[in-house]
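**Student:** So the sequences go chain by chain: W and A.
At position 251 of the first sequence the residue is numbered 251 (UniProt numbering), and the sequence of numbers has no breaks.
At position 184 of the second sequence the residue is numbered 184 (UniProt numbering), and the sequence of numbers has no breaks.
Ideal Cβ placement from N, Cα and C applies to all residues, glycine included.
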Amino acid sequence: HGIKRTKVDAAAIAARREKEKEKLRAYLESEKEILDLKEANEWSEAALQLTEQFLNTNPEHYTIWNYRRDIFTKLVFVSWTPEDAYQRLVLDLRFTTSALKRYPKVYWIWNHRRWCLENTPSGPGTEPDSKGEEGIDGWEMAVWSQEVLLVEKMLSLDERNFHAWDYRRYILSHCPPSLRRSDADELAYTTRRIEKNHSNFSAWHQRSLVYTSLWKEDPSQRAPALDQEFELVKNALWMAPDDQSGWLYHRWLVGSGDDVTILEKEIGVIEELLEVEPESRWTLDTLVYYKRLLMKHRSEQGKRQLVEECRRSLETLCRIDPMRRRRYEDIGKRILEAYSYNVAYNIQGATL
Amino acid sequence: MANATTDAASDTSTLAIPVHVSYIQKLGESQDDLMYHLTSHLRLNAVYWGLTALCVMKHKEALEREQLIEFVMSCWDEKAGAFGAHPRHDAHILPTLSGIQILVMLDALDRLDAERVISFIFSLQSPTGSFSGDRFGETDTRFCYCAVSALSLLGVLDRLDKDRVVGYIRRCKNFDGGYGSDVGGESHASQVFTCVGALAILDRLDEVDSETLAWWLSERQLPNGGLNGRPEKLEDVCYSFWVLSSLSILRKMTWIDGSALERFILSAQDMEAGGIADRPGDMPDVWHTLFGVAGLSLLGYPGLEDLDPVYCMPTDVIERRGLRKAWLALPRREM
Numbered sequence: 001h002g003i004k005r006t007k008v009d010a011a012a013i014a015a016r017r018e019k020e021k022e023k024l025r026a027y028l029e030s031e032k033e034i035l036d037l038k039e040a041n042e043w044s045e046a047a048l049q050l051t052e053q054f055l056n057t058n059p060e061h062y063t064i065w066n067y068r069r070d071i072f073t074k075l076v077f078v079s080w081t082p083e084d085a086y087q088r089l090v091l092d093l094r095f096t097t098s099a100l101k102r103y104p105k106v107y108w109i110w111n112h113r114r115w116c117l118e119n120t121p122s123g124p125g126t127e128p129d130s131k132g133e134e135g136i137d138g139w140e141m142a143v144w145s146q147e148v149l150l151v152e153k154m155l156s157l158d159e160r161n162f163h164a165w166d167y168r169r170y171i172l173s174h175c176p177p178s179l180r181r182s183d184a185d186e187l188a189y190t191t192r193r194i195e196k197n198h199s200n201f202s203a204w205h206q207r208s209l210v211y212t213s214l215w216k217e218d219p220s221q222r223a224p225a226l227d228q229e230f231e232l233v234k235n236a237l238w239m240a241p242d243d244q245s246g247w248l249y250h251r252w253l254v255g256s257g258d259d260v261t262i263l264e265k266e267i268g269v270i271e272e273l274l275e276v277e278p279e280s281r282w283t284l285d286t287l288v289y290y291k292r293l294l295m296k297h298r299s300e301q302g303k304r305q306l307v308e309e310c311r312r313s314l315e316t317l318c319r320i321d322p323m324r325r326r327r328y329e330d331i332g333k334r335i336l337e338a339y340s341y342n343v344a345y346n347i348q349g350a351t352l
Numbered sequence: 001m002a003n004a005t006t007d008a009a010s011d012t013s014t015l016a017i018p019v020h021v022s023y024i025q026k027l028g029e030s031q032d033d034l035m036y037h038l039t040s041h042l043r044l045n046a047v048y049w050g051l052t053a054l055c056v057m058k059h060k061e062a063l064e065r066e067q068l069i070e071f072v073m074s075c076w077d078e079k080a081g082a083f084g085a086h087p088r089h090d091a092h093i094l095p096t097l098s099g100i101q102i103l104v105m106l107d108a109l110d111r112l113d114a115e116r117v118i119s120f121i122f123s124l125q126s127p128t129g130s131f132s133g134d135r136f137g138e139t140d141t142r143f144c145y146c147a148v149s150a151l152s153l154l155g156v157l158d159r160l161d162k163d164r165v166v167g168y169i170r171r172c173k174n175f176d177g178g179y180g181s182d183v184g185g186e187s188h189a190s191q192v193f194t195c196v197g198a199l200a201i202l203d204r205l206d207e208v209d210s211e212t213l214a215w216w217l218s219e220r221q222l223p224n225g226g227l228n229g230r231p232e233k234l235e236d237v238c239y240s241f242w243v244l245s246s247l248s249i250l251r252k253m254t255w256i257d258g259s260a261l262e263r264f265i266l267s268a269q270d271m272e273a274g275g276i277a278d279r280p281g282d283m284p285d286v287w288h289t290l291f292g293v294a295g296l297s298l299l300g301y302p303g304l305e306d307l308d309p310v311y312c313m314p315t316d317v318i319e320r321r322g323l324r325k326a327w328l329a330l331p332r333r334e335m
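1. For the alpha helix (DSSP H) that Pro124 (chain W) lies in, which residues bound it at each end?
2. What do you reckon, is the C-beta of Glu262 (chain A) under 7 Å from a heavy atom of the ligand ADP?
3. Hey, how far is the Cα of Trp43 (chain W) from the Cα of Asp107 (chain A)?
4. Is Ala82 (chain A) helix, strand or coil when you go by DSSP?
5. Note down, in chain order, every chain W residue with its Cβ under 8 Å from the Cβ of Asn174 (chain A).
6. Using the Cα positions of Glu219 (chain A) and Leu55 (chain W), report the straight-line distance between them to the nearest angstrom.
7. In chain order, what residues of the same chain have a beta carbon less than 8 Å from the beta carbon of Gly28 (chain A), not counting five sequence neighbours either side?
8. If we define contact as Cβ-Cβ less than 8 Å, is Ile102 (chain A) a contact residue for chain W?
9. So the candidates are A:Leu323, A:Ala277, A:Leu250; which of them puts its Cα closest to the Cα of Leu330 (chain A)?
10. Report all residues from its chain with a CB closer than 8 Å to the CB of Glu271 (chain W); omit the five preceding and five following residues, and keep chain order.
11. Between the region 106-118 of chain W and the region 63-74 of chain W, do at least 3 Cβ pairs fall closer than 8 Å?
12. Using 8 Å as the threshold, is the region 168-179 of chain A in touch with the region 206-223 of chain A, meaning 3 or more CB pairs across them?
13. Could you list the residues in the region 14-43 of chain W with a C-beta less than 7 Å from some C-beta on chain A, going in chain order?
14. Rounded to whole angstroms, what's the CA-CA distance from His188 (chain A) to Lys60 (chain A)? Just pull it up for me.
15. In the DSSP assignment, the alpha helix (DSSP H) including Met253 (chain A) goes from what residue to what residue?
16. Should Ile109 (chain W) be labelled buried (16 or more other beta-carbon atoms within 10 Å of its own) or exposed?
17. Measuring CA to CA, which of A:Leu328, A:Ile318, A:Arg332, A:Ile276 is closest to Ile3 (chain W)?
18. Got a sec, what are the start and stop residues for the alpha helix (DSSP H) Tyr189 (chain W) sits in?
19. What is the C-beta distance between Cys144 (chain A) and Ile169 (chain A), in whole angstroms, given that I count them as a contact (C-beta under 8 Å)?
20. Would you list the residues sitting across from Lys4 (chain W) in a DSSP beta bridge?
21. My understanding is that Met154 (chain W) touches Pro104 (chain W), with C-beta atoms under 8 Å, so please give their C-beta distance in whole angstroms.
22. Whose Cβ in chain A lies nearer than 7 Å to the Cβ of Asn58 (chain W)?
23. Please list, in chain order, the chain W residues whose beta carbon lies closer than 9 Å to that of Leu15 (chain A).
24. What residues of chain A sit near Lys4 (chain W), judged by a beta carbon separation below 8 Å?
25. If you check the beta carbons only, do Ser202 (chain W) and Trp165 (chain W) fall under 8 Å apart?
26. Please name the residues in the region 137-148 of chain W whose beta-carbon is closer than 8 Å to at least one beta-carbon of chain A, in chain order.
27. In or out: Ala236 (chain W) buried (at least 16 other Cβ within 10 Å) or exposed?
28. Answer yes or no: does any C-beta atom of chain A fall closer than 8 Å to that of Met154 (chain W)?
29. Taking only the alpha-carbon atoms, compute the straight-line gap between Gly132 (chain W) and Ser178 (chain W) and give it to the nearest angstrom.
30. Do three or more CB pairs link the region 208-217 of chain W to the region 240-247 of chain W at distances below 8 Å?
31. Within a Cβ cutoff of 7 Å, which residues of the same chain sit near Asn45 (chain A), ignoring the five residues on either side of it in sequence?
32. Take Gly225 (chain A) and list the residues in its own chain whose beta-carbon comes closer than 7 Å to its own, dropping the five residues that flank it on each side.
33. Measure the beta-carbon distance from Val237 (chain A) to Arg204 (chain A) and round it to whole angstroms, keeping in mind my assumption that it falls under 8 Å.
34. Could you tell me if Val148 (chain A) is buried or exposed, where buried requires 16 or more neighbouring beta carbons within 10 angstroms of its beta carbon?
35. Extract the residue ranges of the alpha helix (DSSP H) inside the region 76-155 of chain A, only unbroken runs of 4 or more that lie entirely within it.
36. Can the beta-carbon of Val148 (chain W) be found closer than 8 Å to that of Thr120 (chain W)?
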């Protein structure tokens, strides 16, 4: 991905191949040597060394990562002292850290890190903590606390690296209890990321996860949180109305539109924005969406009014966003069909 | 003043099939290239991408059938009972699906020890309904799709506890109607494809928030006509498949501008060396070549073979196995 094309002629290609010839020979020889050892079931320190050198050149060779892990399982964890095994794992983590700096999106490297964490041997305990929590020893603590730091470093380099976000979620849900973040901490983290860059969809997504879990546990928390969230996202919408992140999050907050007070209030907020930017397509699209939800709360006359408003907005949308014209036309058709059905059968509150 | 050669090289208004066919044929000849060997962990997948692209361009015969089958079988990991990406590489579900797909397209499934592969696939399923890639346990919705697709191509989907898989996919659904790599993963077009594709195979598209997701997908189209994979990211030809196939399965391909996308894909061609790149001006590769022509096929580009968006394989192959679902692509235009 993302490699610029350069005009190369046959002579240039031949020259490059000549240069690479030795490198290639050495690479293939090394690969063959390692795979021969693997197939002969050799679990030795020498083999471990060879795999490390090789993976430094090509960290995407998953079969050789597999072999390395098997050597750990069959040699290191079996015949070495726990202390030596632990030190060896720490070195592996360091090795993957430098590999990730060069290749931040290679699945195989992230996988190996997880494996190292999950296979950290039990080590000498630290002072038992005040809660007397079990299973936390000095080695586990050292290793897991490093991970939180690493993942924050990776995210500061690239806020949209989903490998790093996935890994962060994994760390926070599997680390020793004393290292876990509270929901409030996690929300604060996402707030910082969002305030730094409103266009950080990954942070908005993370926020939606924290709340989903919070509200599932305690539904009474939802109402008070909503006020705060609407404020937060309103800022984002005003600062960057052309950015998708805030709009998607806003729609999620509004939800099914069963709460007519929230719905009316937020429609008001969006209409204010529309006054300032009358041809902002996300604003228009969102208004149509919310007005459709509003229809179920309205009488026949109110519905008719909303249908007309939607029709006009959709017309504008077709004009300013011709690429997605068919979508707007489809939505318009649906609204009309549902409304006509409503009128014909005198049905209240039908979903449009 | 521009000469005829320059004009020809920069005129990307049509799909240069002969030059792409030749590009694919030459891929196996790069044995002296270090980069060729550095990507051996993708080799079997790459053969599937190349073969499928050839089928779509109606040049299936450009690669020799028996040679292909031999290569596929040389990737068999006898210990695990499945395919690795390359001879001597360990079995993994990604190349295993590719191996099966190639054998199906070449009508050579009889070469496979199907029961062993089926065992391998089931050994990767967790109680939560998710699938790992191999014995080391990496979980990803990609592997879920691979498992469901592979089992369906082998005709043994009935052995799967479908509800369990559907339950897992449901938990991967996000606030925007999209799907991520695992529970809690951010929505991403390629993962949307894997989840929607798997649900299509399992006849459970009722699980999808169709309107919300189709909207999210339609918003992948950027002003230059290309598609991106998630909000605020760059366009990339491979999303011409991931996004488009998902829209096709949801029967809402008209929600994007097909002509603009077509022009974008065509502009990413390398008219001299052949192949299609991720975007205009970049180096082509076989991955983008496949997904570029796959996108064009779904868009109804003339002269191409019909492609099934659920399986990313020719429709006639899928129909013959009775696996066709109710997706909708744009009608094929006349030359």
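**Tutor:** Looking at the coordinates:
1. Premise fails: Pro124 (chain W) is in no alpha helix (DSSP H) and is neither H nor E.
2. In the structure shown, the ligand ADP is absent, as is every other ligand, since no ligand is present at all.
3. 41 Å
4. strand
5. His205, Ser208
6. 39 Å
7. none
8. no
9. A:Leu250
10. Leu287
11. yes
12. yes
13. Arg17, Glu20, Lys23, Leu24, Tyr27, Leu28, Leu35
14. 32 Å
15. Taken as a continuous stretch (DSSP letters only), Met253 (chain A) belongs to no alpha helix (DSSP H), as it is neither H nor E.
16. buried
17. A:Ile276
18. 183-196
19. 7 Å
20. A:Asp282
21. 6 Å
22. Leu38
23. Within chain W, no residue comes near Leu15 (chain A); the closest Cβ sits about 18 Å away, beyond 9 Å.
24. Gly281, Asp282, Met283
25. yes
26. none
27. buried
28. no
29. Because the pLDDT at Gly132 (chain W) is just 47, under 50, the model does not fix this residue reliably, and the point stays unresolved.
30. no
31. Ala85, Leu94, Pro95, Ser98
32. Asp257, Ala260, Leu261, Arg263, Phe264
33. Not confirmed; about 30 Å, so no contact.
34. buried
35. 93-105, 114-123, 141-153
36. no
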